[in-house]
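Structure first, commentary second.
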Amino acid sequence: MCLGVPGQVTAVWEANGTRFATADFGGVTKEICLAYVPDVVVGDYTIVHVGFALTRLDEASALETLELFRSVGLLDEELGVVRTPTGPTSAAG
Amino acid sequence: MRYLDEFGDPDLARALLDDIHRTVTKPWALMEVCGGQTHTIIRNGIDQLLPEQVTLIHGPGCPVCVTPLEMIDRALEIASRPDVIFCSFGDMLRVPGSGRDLFRVKSDGGDVRIVYSPLDAVRLAQEHPDKQVVFFGIGFETTAPANAMTVTMAQQLGLTNFSLLVSHVLVPPAITALMESPVRRVQAFLAAGHVCTVMGMADYQPLVEKYHVPIVVTGFEPLDVLQGIRQALVQLEEGRAELENAYPRAVSYEGNAVARQVVGEVFETCDRAWRGIGVIPMSGWRLAPEFADFDAELRFDVTGITTEESGLCRSGEVLQGLITPVECAAFGKECTPRAPLGAPMVSSEGACAAYYQFRRLESPAAGGAR
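Protein sequences, first through last, are from chains U and V.
Residue numbering for the first sequence is 24 to 116, as defined by the numbering used here.
Residue numbering for the second sequence is 28 to 397, as defined by the numbering used here.
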């Protein structure tokens, strides 16, 4: 919850005056809210906490962190992904 | 001795450790505030790589662990109602309330859903206008911007079936409480990096000055933690007490101005009971009066709660850094992650879970954080 995961913004759109994005977290795609990082654009990396981007991060740091989280099994946990034999599924909701 | 390969950059890890060993001449006690940092320390054996004189005390920075029991019981009551969809981060479902947990409510027929983001709960409220959707808004300053935004979104969308059960906690008042405690052991703090990503660093300056205690804003990865420890130890050895940032790639002095503004509008500061620790003055956030319509505590009349903690669990002492998890007689016996007696055994940020995952095969004498 407090770790936050770096993700790369792959698409940005607006709904009800708020900016949202699709972000890629080392292969897992999630919808995130960009309300707190007005200057983040497609291609940027950002640290995401429970669906909200909180700060921009440089690419090298982001990739290192993602690799580390993956290697110790934290990536799925932080993203709420449940692995099943047929592949990853997101938490309900 | 752990293999330094696990640190990502073994050469840098070795250099930092060598520097720490050269620096330290006296015994020092540091507290890592955040449970995420505790997990890194125990997973990578950082405490065992440090000089003998350095003690790492695990802090109370596990949001799931310190959410007060009566708030858990309130959640259990609300989640049991047939008209409610109760949404929560996954970690909360196994946290023991007085006699049961949210998983039990779910298996008894309650509509309890694990969500990744509070935004998912807002979406559920839109999709289920016939249901009351409640989100369990817990956490430190890191999750507050997300939880605050759901309220402003629900307001914009005109949702009358969405509410938050808020139990936010704040780091700086917890540091104050630790420094004011009669059993004050901590000589320097590693502050939680992402809390400062949101709030910035200014709130820590008065603490550094008042208590003459070094505070180093620190990240969560093994090298980040080593760097934070090194900076804190250098300050202690030089007799300095300053606020330093060992995590500049994610933390600025100002923090996230937009997030701070929204959080400041939606929440107001209040006294908060921390599970196992007690009430810490002005250490929490609750919804501001303007947002009372979205307050689950007011929407649902939850009264007559009698809380009851496990008699065996010593999580309060663990959370205050007075004992390490392995010193609790129930550790790994009556209390395991599958059948936890206390919240620190549940959470991915809890100290007991960290020791269970990485240290339970060691004897109590060898398993402590020295």
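C-beta atoms are modelled at their ideal positions from N, C-alpha and C, and glycine is treated no differently.
The structure displayed is predicted, hence computed values, not measured ones.
Please decide whether ASP81(U) counts as near chain V, where near means a Cβ-Cβ distance under 8 Å.
-> Your numbering for residue 81(U) matches position 58 in the first sequence. Chain V, which has a Cβ nearer than 8 Å to the Cβ of ASP81(U), makes this yes.
Alpha-carbon to alpha-carbon, THR52(U) and GLU90(U) = Here the question's residue 90(U) lines up with position 67 in the first sequence. Here the question's residue 52(U) lines up with position 29 in the first sequence. Those two C-alpha atoms are separated by around 16 Å.
Any C-beta of chain V under 8 Å from that of ALA58(U) | If you number the first sequence from 1, residue 58(U) lands on position 35. Closer than 8 Å to some Cβ of chain V, the Cβ of ALA58(U) qualifies, so yes.
Would you be able to state if there are at least three C-beta pairs under 8 Å between the region 268–277 of chain V and the region 236–255 of chain V?
-> Touching, yes.
ASN174(V) - DSSP class collapsed to helix/strand/coil = Counting from 1 along the second sequence, the entry for residue 174(V) is found at position 147. Under the three-state reduction of DSSP, ASN174(V) is assigned to helix.
Are GLN258(V) and VAL278(V) close, meaning C-beta to C-beta below 8 Å?
-> In the second sequence, counting from the first residue as 1, residue 258(V) sits at position 231. In the second sequence, counting from the first residue as 1, residue 278(V) sits at position 251. No; because the gap between Cβ atoms is not below 8 Å, this pair is not in contact.
Start and end of the beta strand (DSSP E) containing LEU314(V)?
-> Walking along the second sequence from the start, residue 314(V) turns up at place 287. Start and end: 305–314.
Residues from the region 265–297 of chain V in contact with chain U, defined by Cβ distance under 7 Å = ARG276, ALA277, ASN283, VAL285, ALA286
Check whether the region 324–337 of chain V touches the region 94–109 of chain V, taking contact to mean three or more Cβ pairs, one atom from each stretch, closer than 8 Å.
-> yes
How is the alpha helix (DSSP H) around ILE68(V) delimited, first residue to last?
-> If you number the second sequence from 1, residue 68(V) lands on position 41. Counting along the chain, the alpha helix (DSSP H) containing ILE68(V) begins and ends at 62–70.
For chain V, find out if any of its Cβ atoms is closer than 8 Å to the Cβ of VAL95(U); answer yes or no.
-> For the purposes of this step, residue 95(U) is identified with residue 72 of the first sequence, where counting begins at 1. Interface residue, yes.
Nearest chain V C-beta to PHE48(U) closer than 8 Å, yes or no?
-> To locate residue 48(U), count along the first sequence from 1; it is residue 25. By this cut-off, PHE48(U) is not an interface position.
Does the region 301–314 of chain V come close enough to the region 339–356 of chain V to have 3 or more Cβ pairs within less than 8 Å?
-> yes
Going by other Cβ atoms of all chains shown within 10 Å of its Cβ, with 16 needed for buried, is ASP62(U) buried or exposed?
-> Locating residue 62(U) in the first sequence gives position 39, where the first residue counts as 1. ASP62(U) should be labelled exposed.
Answer yes or no: do GLY137(V) and PHE113(V) have a C-beta to C-beta separation smaller than 8 Å?
-> Here residue 137(V) corresponds to residue number 110 of the second sequence, with the count starting at 1. Here residue 113(V) corresponds to residue number 86 of the second sequence, with the count starting at 1. Contact: yes.
If you count every other CB in all the chains shown that lies within 10 Å of the CB of TYR280(V), and 16 or more means buried, which is it?
-> Here the question's residue 280(V) lines up with position 253 in the second sequence. Taking a 10 Å sphere around the C-beta of TYR280(V), we find fewer than 16 other C-beta atoms and assign the residue as exposed.
Three-state secondary structure assigned by DSSP to ILE22(U) = Nothing about residue 22(U) can be read from this structure; chain U reaches only from 24 to 116.
Does the Cβ of PRO156(V) have 16 or more other Cβ atoms within 10 Å, making it buried, or fewer, making it exposed?
-> Mapped onto the second sequence, residue 156(V) falls at position 129. Label assigned to PRO156(V): exposed.
May I ask which residues mark the beginning and end of the alpha helix (DSSP H) holding GLN92(V)?
-> As a working note, residue 92(V) is residue 65 in the second sequence. For the sequence presented, residue 92(V) should be read as Cys rather than Gln. Unbroken alpha helix (DSSP H) run through CYS92(V): 90–93.
Residues within the region 175–208 of chain V neighbouring chain U, beta-carbon criterion of under 8 Å | MET176, MET180, GLN183, LEU184
Examine chain V for any beta-carbon lying closer than 8 Å to the beta-carbon of VAL35(U), and answer yes or no.
-> For this step, residue 35(U) is matched to residue 12 along the first sequence. No, VAL35(U) does not count as interfacial toward chain V.
Between PRO241(V) and chain U, is there a C-beta pair that is closer than 8 Å?
-> What you label residue 241(V) is simply residue 214 of the second sequence in a count that begins at 1. It does not; no Cβ of chain U falls within 8 Å.
THR88(U), enclosing alpha helix (DSSP H) - first and last residue | The residue labelled residue 88(U) in the question sits at position 65 within the first sequence. Element bounds for THR88(U): 82–94.
Mind pulling the beta strand (DSSP E) runs of 3 or more residues that sit fully within the region 163–215 of chain V?
-> Counting whole runs of 3 or more residues, the region 163–215 of chain V contains the beta strand (DSSP E) stretches 189–196.
Assuming CYS92(V) contacts SER374(V) (C-beta within less than 8 Å), just tell me the rounded distance between them.
-> Within the second sequence, residue 92(V) is the residue found at index 65, counting from 1. Within the second sequence, residue 374(V) is the residue found at index 347, counting from 1. Cβ atoms of CYS92(V) and SER374(V) come within 8 Å of each other, at about 6 Å.
Cβ-Cβ distance between LEU250(V) and ASP36(V) below 8 Å | For the purposes of this step, residue 250(V) is identified with residue 223 of the second sequence, where counting begins at 1. For the purposes of this step, residue 36(V) is identified with residue 9 of the second sequence, where counting begins at 1. Yes, they are a contact pair.
Confirm, please, whether the CB-CB distance from VAL149(V) to PHE318(V) is below 8 Å.
-> The residue given as residue 318(V) occupies position 291 in the second sequence. The residue given as residue 149(V) occupies position 122 in the second sequence. In terms of Cβ geometry, PHE318(V) and VAL149(V) do not form a close pair [threshold 8 Å].
Could you check the C-alpha separation between ILE55(U) and PRO352(V) for me, to the nearest Å?
-> Here residue 55(U) corresponds to residue number 32 of the first sequence, with the count starting at 1. Here residue 352(V) corresponds to residue number 325 of the second sequence, with the count starting at 1. Rounded to whole angstroms, the gap between the alpha carbons of ILE55(U) and PRO352(V) is 36 Å.
Give the single residue among GLY74(U), LEU86(U), LEU102(U), GLU101(U) whose Cα lies nearest to the Cα of ALA44(U).
-> Residue numbering aside, residue 44(U) sits at position 21 when the first sequence is read from its first letter. If we check each option's Cα against that of ALA44(U), GLY74(U) comes out closest.
How many Å lie between GLN262(V) and GLN80(V) at the Cα?
-> Numbered from 1 along the second sequence, position 235 holds the residue referred to as residue 262(V). Numbered from 1 along the second sequence, position 53 holds the residue referred to as residue 80(V). Just so you know, the alpha carbons of GLN262(V) and GLN80(V) end up roughly 16 Å apart.
Compare the C-beta of VAL353(V) with all C-beta atoms of chain U and state if any pair is closer than 8 Å.
-> To locate residue 353(V), count along the second sequence from 1; it is residue 326. Output row for VAL353(V): interface = no.
Along the chain, where does the beta strand (DSSP E) that runs through GLU281(V) open and close?
-> Sequence index remark: in the second sequence, residue 281(V) carries index 254 (1-based). That residue, GLU281(V), is in no beta strand (DSSP E); it is neither H nor E in DSSP.
Does the beta carbon of GLY359(V) come closer than 8 Å to any beta carbon on chain A?
-> No chain A appears in the structure shown, which is made up of the protein chains U and V.
In angstroms with no decimal places, state the Cα-to-Cα distance between ILE68(V) and ASP328(V).
-> Position 41 of the second sequence holds residue 68(V). Position 301 of the second sequence holds residue 328(V). Cα-Cα distance, rounded: 43 Å.
Own chain partners of SER115(V) with C-beta closer than 6 Å, once the 5 adjacent residues on each side are dropped | For this step, residue 115(V) is matched to residue 88 along the second sequence. Closer than 6 Å at Cβ, skipping near neighbours: PHE163.
Taking only beta-carbon atoms, is GLY27(U) less than 8 Å away from chain V?
-> As a first step, residue 27(U) must be located in the first sequence, where it is residue number 4. Answer yes: the Cβ-Cβ gap between GLY27(U) and chain V drops below 8 Å somewhere.
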